[in-house]
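Student: One structure, pasted below without further comment.
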Amino acid sequence: MNKYLLKATVVGALGGLLFGFDTAVIAGTTEQLSSVFHLTPWTLGLTVSIGLAGTILGAMTSGVLGQKIGGREALRIMAILYTLSAIGCAFAWNWDALMISRFIGGIGIGGSSVLGPVYIAELAPAKWRGRMVGLFQINIVVGILLAYLSNYIIVMQHLGAMQWRWEFGVAIVPSAIFLILLYGIPRSSRWLVTTNQTDEALDVLRLMGSPDSEAELREIMESVHMERGVKPEPLFNGKYNLPIFLAISIGLFNQLSGINALLYYSNSIFASAGFSSNSAALQTVGVGLVNLLATVSRHEPDRQARP
Numbered sequence: 035m036n037k038y039l040l041k042a043t044v045v046g047a048l049g050g051l052l053f054g055f056d057t058a059v060i061a062g063t064t065e066q067l068s069s070v071f072h073l074t075p076w077t078l079g080l081t082v083s084i085g086l087a088g089t090i091l092g093a094m095t096s097g098v099l100g101q102k103i104g105g106r107e108a109l110r111i112m113a114i115l116y117t118l119s120a121i122g123c124a125f126a127w128n129w130d131a132l133m134i135s136r137f138i139g140g141i142g143i144g145g146s147s148v149l150g151p152v153y154i155a156e157l158a159p160a161k162w163r164g165r166m167v168g169l170f171q172i173n174i175v176v177g178i179l180l181a182y183l184s185n186y187i188i189v190m191q192h193l194g195a196m197q198w199r200w201e202f203g204v205a206i207v208p209s210a211i212f213l214i215l216l217y218g219i220p221r222s223s224r225w226l227v228t229t230n231q232t233d234e235a236l237d238v239l240r241l242m243g244s245p246d247s248e249a250e251l252r253e254i255m256e257s258v259h260m261e262r263g264v265k266p267e268p269l270f271n272g273k274y275n276l277p278i279f280l281a282i283s284i285g286l287f288n289q290l291s292g293i294n295a296l297l298y299y300s301n302s303i304f305a306s307a308g309f310s311s312n313s314a315a316l317q318t319v320g321v322g323l324v325n326l327l328a329t330v331s332r333h334e335p336d337r338q339a340r341p
């Protein structure tokens, strides 16, 4: 695999790592947040879920942003939001500041969950596309594991009342690194074609190691031309009922499985079961590790019988 393609894929997938980290890091802070900001069970739930509200907004709006300014530039905005959120949460002076910071982080999560896979797919050759886009999902569960591991290490430092600030603040480092690395990768060739920047698109294809960059550029141009010639159809019409139903059902049952409650309140769950704070933090690392192993494990494809 071309090293420039690999670099662009890894950087694009880092948004998934921050997605997972920002999603799970709250688990280690719930007890102290309840004490510091005098949260009731309802306001604690709101503190945890406000990030999801931002995620919805980010996911709904980032596609349009990516089409307008390009996936790379849009990912830079998401990286800035991640960084601002980490700083805001770490230095939150009151509950309102914490809520705003978590909402901003949620926008970054939702935006990167759309923009990252699309950016990777637009760069990757067809034979590698599935695996490379799948790296984004792998990074999500890696980020969850790193959040739990980070929380455990911080708990072991016995930082007292400052512990929750450190747990949030750790995200400043990977967020800033993500932003910096985004300045070292190219814009996607497909987006460049949609904006009539074909010369730069050809340069990107060559940089990515395309065996026949000019032929691939022509294919992209033909594909974009065909898309522009297709008459838009409303999403909600009869022939799309089944795929829409399946898509909604998959998302619905994923949430109804209760996995989010475990991800967000794992420390509290283990503490309620009688574990000490140190032991509870360590148990969450085990949860994150199992989550990672379950995600990456897969069956070997059946080998075709030889004649």
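Residue numbers for the sequence shown follow the numbering used here, beginning at 35 and rising by one. We treat Cβ as the ideally placed atom computed from N, Cα and C, and that holds for glycine.
Can you tell which of 121, 236, 54 has its C-alpha closest to the C-alpha of residue 326?
Tutor: Start at 1 with the first residue of the sequence shown, and residue 326 comes out as number 292. The option with the nearest alpha carbon to residue 326 is 54.
Student: Under 8 angstroms, with one C-beta from each stretch per pair, do the segment 138-148 and the segment 178-188 reach the 3-pair mark?
Tutor: The answer is no - the segment 178-188 does not touch the segment 138-148, with fewer than three Cβ pairs under 8 angstroms.
Student: In whole angstroms, what separates the C-alpha of residue 333 from that of residue 168?
Tutor: Against the sequence shown, residue 333 aligns to sequence position 299. Against the sequence shown, residue 168 aligns to sequence position 134. For residue 333, the pLDDT reaches just 41, beneath the cut-off of 50, and the residue's location in the model is therefore unreliable, although a value from the coordinates is still provided. About 16 angstroms.
Student: Helix, strand or coil: which one does DSSP assign to residue 159?
Tutor: Position 125 of the sequence shown, counted from the first residue, corresponds to residue 159. In this structure, residue 159 counts as coil in the three-state DSSP scheme.
Student: Using 8 angstroms as the threshold, is the segment 149-156 in touch with the segment 96-107, meaning 3 or more CB pairs across them?
Tutor: yes
Student: Just verifying my parser: in three-state terms, what is the DSSP assignment at residue 192?
Tutor: As a working mapping, residue 192 is identified with position 158 in the sequence shown. Looking at residue 192 - three-state DSSP - the assignment turns out to be coil, as it is neither helix nor strand.
Student: Should residue 56 be labelled buried (16 or more other beta-carbon atoms within 10 Å of its own) or exposed?
Tutor: Taking the sequence shown and counting its residues from 1, the one referred to as residue 56 is at position 22. The residue is buried, with at least 16 neighbouring Cβ atoms inside 10 Å.
Student: What does the Cβ neighbour count give for residue 270, buried or exposed, with the cut at 16 atoms within 10 Å?
Tutor: As a working mapping, residue 270 is identified with position 236 in the sequence shown. Label assigned to residue 270: exposed.
Student: If you count every other CB in all the chains shown that lies within 10 Å of the CB of residue 256, and 16 or more means buried, which is it?
Tutor: Within the sequence shown, the letter at position 222 stands for residue 256. Per the 10 Å Cβ criterion, exposed.
Student: In angstroms with no decimal places, state the Cα-to-Cα distance between residue 41 and residue 126.
Tutor: Counted from its first residue, the sequence shown places residue 41 at position 7. Counted from its first residue, the sequence shown places residue 126 at position 92. If I take the Cα positions, the gap works out to 35 angstroms.
Student: For residue 312, name the three-state secondary structure that DSSP assigns.
Tutor: Within the sequence shown, residue 312 is the residue found at index 278, counting from 1. Helix at residue 312.
Student: Under a Cβ-count criterion, where at least 16 other Cβ atoms within 10 Å of its own Cβ denotes burial, should residue 337 be classed as buried or exposed?
Tutor: Your numbering for residue 337 matches position 303 in the sequence shown. Model confidence at residue 337 stands at a pLDDT of 41, short of 50, so the residue's coordinates are unreliable; what they give is reported in the following sentence. Exposed: under 16 other Cβ atoms inside 10 Å.
Student: Near residue 82, which residues of its chain fall below 8 angstroms by C-beta distance, leaving aside the five closest residues on each side in sequence?
Tutor: In the sequence shown, residue 82 corresponds to position 48, counting from 1. Answer for residue 82: 60, 64, 298, 299, listed in chain order.
Student: Excluding five sequence neighbours on each side, which residues of the same chain lie with their C-beta closer than 8 angstroms to the C-beta of residue 215?
Tutor: For the purposes of this step, residue 215 is identified with residue 181 of the sequence shown, where counting begins at 1. Closer than 8 angstroms at Cβ, skipping near neighbours: 45, 48.
Student: First and last residue of the alpha helix (DSSP H) that includes residue 233?
Tutor: The sequence position of residue 233 within the sequence shown is 199, counting from 1. Residue 233 -> alpha helix (DSSP H) spans 232-241.
Student: Can you look up residue 342 in the DSSP assignment and give me helix, strand or coil?
Tutor: Examination of residue 342 is not possible in this model, given that the chain is present from 35 through 341 alone.
Student: Leaving out five residues before and five after residue 85 in sequence, what residues of the same chain have Cβ atoms less than 8 angstroms from its Cβ?
Tutor: Residue mapping note: residue 85 aligns to position 51 of the sequence shown, counting from 1. Excluding sequence neighbours, residue 85 sits near 56, 57, 60, 136, 137, 139, 140, 143.
Student: From the DSSP output, in three-state form, read off residue 60 for me.
Tutor: Here residue 60 is taken as the residue at index 26 of the sequence shown, counted from 1. Correct three-state label for residue 60: helix.
Student: DSSP on residue 330, reduced to helix/strand/coil?
Tutor: Reading the sequence shown from its first residue, position 296 is the one you call residue 330. If DSSP states are grouped into helix, strand and coil, residue 330 belongs with the helices.
Student: Helix, strand or coil: which one does DSSP assign to residue 72?
Tutor: Looking up residue 72 in the sequence shown gives position 38. It is coil, neither helix nor strand.
Student: Check whether the segment 193-205 touches the segment 89-98, taking contact to mean three or more Cβ pairs, one atom from each stretch, closer than 8 angstroms.
Tutor: The segment 193-205 makes no contact with the segment 89-98: fewer than 3 CB pairs, one atom from each, lie closer than 8 angstroms.
Student: Alpha helix (DSSP H) containing residue 201: first to last residue?
Tutor: Residue numbering aside, residue 201 sits at position 167 when the sequence shown is read from its first letter. Here the alpha helix (DSSP H) through residue 201 covers 197-203.
Student: Give the list of continuous alpha helix (DSSP H) stretches no shorter than 4 residues that lie fully inside the segment 84-166.
Tutor: 105-124, 129-157
Student: Please tell me whether residue 217 and residue 319 are closer than 8 angstroms, where the distance is taken between their beta carbons.
Tutor: Stepping through the sequence shown from its first residue, residue 217 is reached at position 183. Stepping through the sequence shown from its first residue, residue 319 is reached at position 285. Going by beta carbons, residue 217 and residue 319 fall outside the 8 angstroms limit.
Student: Any idea what DSSP makes of residue 47, helix, strand or coil?
Tutor: Walking along the sequence shown from the start, residue 47 turns up at place 13. Of the three classes helix, strand and coil, the one that applies to residue 47 here is helix, per DSSP.
Student: What do you reckon, are the CB atoms on residue 213 and residue 113 nearer than 8 angstroms?
Tutor: To locate residue 213, count along the sequence shown from 1; it is residue 179. To locate residue 113, count along the sequence shown from 1; it is residue 79. Yes, they are a contact pair.
Student: Using three-state DSSP, classify residue 208 as helix, strand or coil.
Tutor: Indexing the sequence shown from 1 puts residue 208 at position 174. Helix.
Student: To the nearest angstrom, how far is it from the Cα of residue 329 to the Cα of residue 323?
Tutor: Against the sequence shown, residue 329 aligns to sequence position 295. Against the sequence shown, residue 323 aligns to sequence position 289. In this structure, the alpha-carbon of residue 329 lies about 10 angstroms from that of residue 323.
Student: Nearest to residue 132 by CA position, among 77, 273, 223, 307, is which residue?
Tutor: For this step, residue 132 is matched to residue 98 along the sequence shown. Closest option to residue 132, Cα to Cα, is 77.
Student: Note down, in chain order, each residue of its chain lying with its Cβ closer than 7 angstroms to the Cβ of residue 242, except the 5 sequence neighbours on either side.
Tutor: Here residue 242 corresponds to residue number 208 of the sequence shown, with the count starting at 1. Only 36, 38, 39, 157 meet the Cβ criterion.
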